[in-house]
Amino acid sequence: MGKKLLIVNTYANLWSTGRIAAEIGEIAVKHGWQCYFAYASESNLCSCEEIRINKSVISYIIHTYLFSRILNLKGFGSWIETKLFIRKIKKIAPDIIHLHNIHQNFLNLPLLFSFLKKAGIPVIWTLHDCWAVTGGCTHFVYNKCENWKTGCYRCPRCGNSDTGGELKGVFRTMPWVLRKKEAYITSVPNLTFVTVSEWLSGVVRSSVVGSVPVQVISNGVDCTRFYPHTDIQAIKQKYGCGNRFMIVGVSSHWSASKGLYDYYKLRELLPADQFVIVLVGITSEQKNNIPDGIIGIERTENLDELALIYSAADVVTSLSYQETFGLTIVEGFACGTPAVVYDNTALPELIDSDTGLVVETGNMERLAEAIRQVCKTGKSFYSQACREVAQTRYDKFCQYEKYVELYEQALVSKKV
Numbered sequence: 016m017g018k019k020l021l022i023v024n025t026y027a028n029l030w031s032t033g034r035i036a037a038e039i040g041e042i043a044v045k046h047g048w049q050c051y052f053a054y055a056s057e058s059n060l061c062s063c064e065e066i067r068i069n070k071s072v073i074s075y076i077i078h079t080y081l082f083s084r085i086l087n088l089k090g091f092g093s094w095i096e097t098k099l100f101i102r103k104i105k106k107i108a109p110d111i112i113h114l115h116n117i118h119q120n121f122l123n124l125p126l127l128f129s130f131l132k133k134a135g136i137p138v139i140w141t142l143h144d145c146w147a148v149t150g151g152c153t154h155f156v157y158n159k160c161e162n163w164k165t166g167c168y169r170c171p172r173c174g175n176s177d178t179g180g181e182l183k184g185v186f187r188t189m190p191w192v193l194r195k196k197e198a199y200i201t202s203v204p205n206l207t208f209v210t211v212s213e214w215l216s217g218v219v220r221s222s223v224v225g226s227v228p229v230q231v232i233s234n235g236v237d238c239t240r241f242y243p244h245t246d247i248q249a250i251k252q253k254y255g256c257g258n259r260f261m262i263v264g265v266s267s268h269w270s271a272s273k274g275l276y277d278y279y280k281l282r283e284l285l286p287a288d289q290f291v292i293v294l295v296g297i298t299s300e301q302k303n304n305i306p307d308g309i310i311g312i313e314r315t316e317n318l319d320e321l322a323l324i325y326s327a328a329d330v331v332t333s334l335s336y337q338e339t340f341g342l343t344i345v346e347g348f349a350c351g352t353p354a355v356v357y358d359n360t361a362l363p364e365l366i367d368s369d370t371g372l373v374v375e376t377g378n379m380e381r382l383a384e385a386i387r388q389v390c391k392t393g394k395s396f397y398s399q400a401c402r403e404v405a406q407t408r409y410d411k412f413c414q415y416e417k418y419v420e421l422y423e424q425a426l427v428s429k430k431v
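Read left to right, the sequence shown gives residues 16 to 431 (the numbering used here).
See below:
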């Protein structure tokens, strides 16, 4: 029987982190590992044996509304669920535990990390956002906050819905939460962080948990699913794009920090008879309020249609104010489409002169100019280089093989 791997994430083989986690498990299985996938919300069948972390209605209400939304104590409820989950971990007896997103009100941090500290099992924790290093928020750049470095005092997001405030509670418990996180995380002797970008690696090293070892493994893209399609007229006709230059943005949750309103401003700077903006991942409510000249497509897990949209696009964009990686840009590359992105966080790491342009964050005139420049140069100028970057730097099989190597290294260097 092969070595045992336990993956933990909110979703199993759904949405970006769920798919990434499942694909890593798939690669591990091919290397002879026996893989288990523990999840809390939704699942789409994958090659791992799935374990549902059940949440009762009462527990969900208590953790989500009392602990998370009122007390700002996300990760401090769900005692019973976590105790039951720990029993399952003991029964499985995994050789490696691989954490991904664990901050969706389904696990109790004190219980989980107390167990991990005593168990001595090597733990890999892939960070897809900044939650592990803050007192509660997943991102901080949009609010120009540096308080996470010194204790999360005077949080600009607490209770402020206008700033995309995840932290809506009436109690400012963030400093206490961050101190507890520091104590729990640094107590696990065989823990290694994996960040998905150099930028996020720098954030971790500057944080209160900076003593934990960090490696960088970029997210991967399935280049057999995302590739340049030539039959793009049907998709352009379906969404009414005509023969205009097609500017695409993709997000699972559109908001101000994701650049939604910057696209509204951009619409005013590009002639509507020459350019069309297509935003994928829009909610039905947002779709009803979207300005004329912007086409909204609701959130989809249909990767084949998404690949067609990327292939039909002349430019894939990210106007986000905070990204830990930028997977949609790489998916666009795999489909042969160049990118224009803002010059913040991890986004510039993805771009060179052969694959697109980087512009100053929020500089709408420069943004419109860059898009016109890429369209004038022509997609064909960039396509081969974009595809090669996706295949050589971000192919999922190459990237996720690195995790299997990391598992083996963690077993060898395990502290007793």
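Backbone N, C-alpha and C define an ideal beta-carbon position, used for all residues, glycine too.
Check                                                                                                                                                                        : Outcome
Let me check understanding here. Comparing Cα to Cα, which of T32, T298, L81 lies closest to H113?                                                                           : T32
So, for K89: in the same chain, excluding its five sequence neighbours on each side, which residues have a beta-carbon less than 7 angstroms away from its beta-carbon?      : F82, S83, H118, N120, G151
When burial is assigned at 16 or more other CB atoms within 10 Å of the CB, is S222 buried or exposed?                                                                       : buried
Does the separation of the CB atoms of D329 and F396 fall below 8 angstroms?                                                                                                 : no
How should Y276 be labelled, buried or exposed, when 16 other C-beta atoms within 10 angstroms of its C-beta is the threshold for buried?                                    : exposed
Using only alpha-carbon positions, find the residue among V265, G257, S299, I95 that is nearest to A287.                                                                     : G257
Near S176, what residues of its chain come up, given a Cβ to Cβ distance below 6 angstroms and the 5 sequence neighbours on each side ignored?                               : Confidence in S176 is poor, its pLDDT being 44 and thus under 50, which makes the residue's placement unreliable; the coordinate value appears in the next sentence. Excluding residues within five positions, none has a Cβ falling inside 6 angstroms.
At the level of alpha carbons, what is the spacing between L126 and S398?                                                                                                    : 50 angstroms
Taking the DSSP output, what are the residues bridged to I66?                                                                                                                : A53
Assign G296 to buried or exposed, taking buried as 16 or more other Cβ atoms, counted over all protein chains shown, within 10 Å of its Cβ.                                  : buried
What is the DSSP secondary structure of T153, counted as helix, strand or coil?                                                                                              : coil
Rounded to whole angstroms, what's the CA-CA distance from Q406 to C61? Just pull it up for me.                                                                              : 23 angstroms
Within the segment 179-255, note down every full alpha helix (DSSP H) run reaching 4 residues or more, in order along the chain.                                             : 189-201, 213-220, 248-253
So the alpha helix (DSSP H) G33 belongs to, where does it begin and stop?                                                                                                    : 30-45
Compare the Cα-Cα distances from V72 to each of I42, E380, Y80 and report the closest residue.                                                                               : Y80
Output the residue ranges of the alpha helix (DSSP H) runs that lie fully inside the segment 67-109 and measure 4 residues or longer, sorted by chain position.              : 72-76, 94-107
Only counting the same chain, and skipping five residues up and downstream in sequence, which positions put a Cβ closer than 8 angstroms to that of S74?                     : G92, S93, I95, E96
How big is the Cα-Cα spacing for A322 and L29?                                                                                                                               : 17 angstroms
One question on the structure: do S216 and V203 come within less than 8 angstroms of each other, judged by their Cβ atoms?                                                   : no
Give the DSSP-derived three-state secondary structure of F260 in the structure shown.                                                                                        : strand
Pull up the CB-CB distance for N234 and Q414, whole angstroms please, since I reckon it's below 8 angstroms.                                                                 : 7 angstroms
Less than 6 angstroms between C-beta atoms, sequence neighbours within five positions excluded: which residues of the same chain meet that for T178?                         : Unreliable positioning characterises T178 in this predicted model, as indicated by a pLDDT of 43, which lies under 50. A coordinate reading is not provided.
Would you report the Cα separation of D369 and R402, rounded to the nearest angstrom?                                                                                        : 11 angstroms
Going by beta carbon distance, what residues of the same chain come within less than 6 angstroms of N123, once the five residues before and after it are set aside?          : S93, W94, T97
Could you check how far apart the C-beta atoms of G40 and C63 are, in whole angstroms? I think they sit under 8 angstroms.                                                   : 4 angstroms
Using alpha carbons as the reference points, say which of L382, E313, A400 lies closest to V345.                                                                             : A400
Could you tell me the alpha carbon to alpha carbon distance between G359 and K251, rounded to whole angstroms?                                                               : Position check: residue 359 holds Asn in this sequence, whereas Gly was assumed. Rounded to whole angstroms, N359 to K251 spans 31 angstroms at the Cα level.
Thinking C-alpha only, which one of I310, Y26, Y54, E375 is nearest S290?                                                                                                    : Ser is not the amino acid found at residue 290; the sequence shown has Phe there. It is I310 whose Cα lies nearest to the Cα of F290.
Who pairs with H115 in a beta bridge, going by DSSP?                                                                                                                         : In DSSP, H115 forms no bridge with anything.
With L281 and L362 assumed to form a contact (beta carbons below 8 angstroms), what rounded beta-carbon distance in angstroms separates them?                                : No, L281 and L362 are not in contact; Cβ-Cβ is about 16 angstroms, not under 8 angstroms.
Closer than 7 angstroms by C-beta to R67: which residues in its own chain qualify, once you throw out the five before and the five after it? Chain order, please.            : Y54
Using the DSSP secondary-structure output, state which residues sit across from E313 in a beta bridge.                                                                       : I297
Can you tell me whether A425 is helix, strand or coil according to DSSP?                                                                                                     : helix
Would Y168 be called buried (16 or more neighbouring beta carbons within 10 Å of its own) or exposed?                                                                        : exposed
What's the C-alpha gap between N468 and T153?                                                                                                                                : Since the displayed the chain opens at 16 and closes at 431, residue 468 lies outside it and no answer follows.
Taking all protein chains shown into account, do 16 or more other C-beta atoms lie within 10 angstroms of the C-beta of V427, making it buried, or fewer, making it exposed? : exposed
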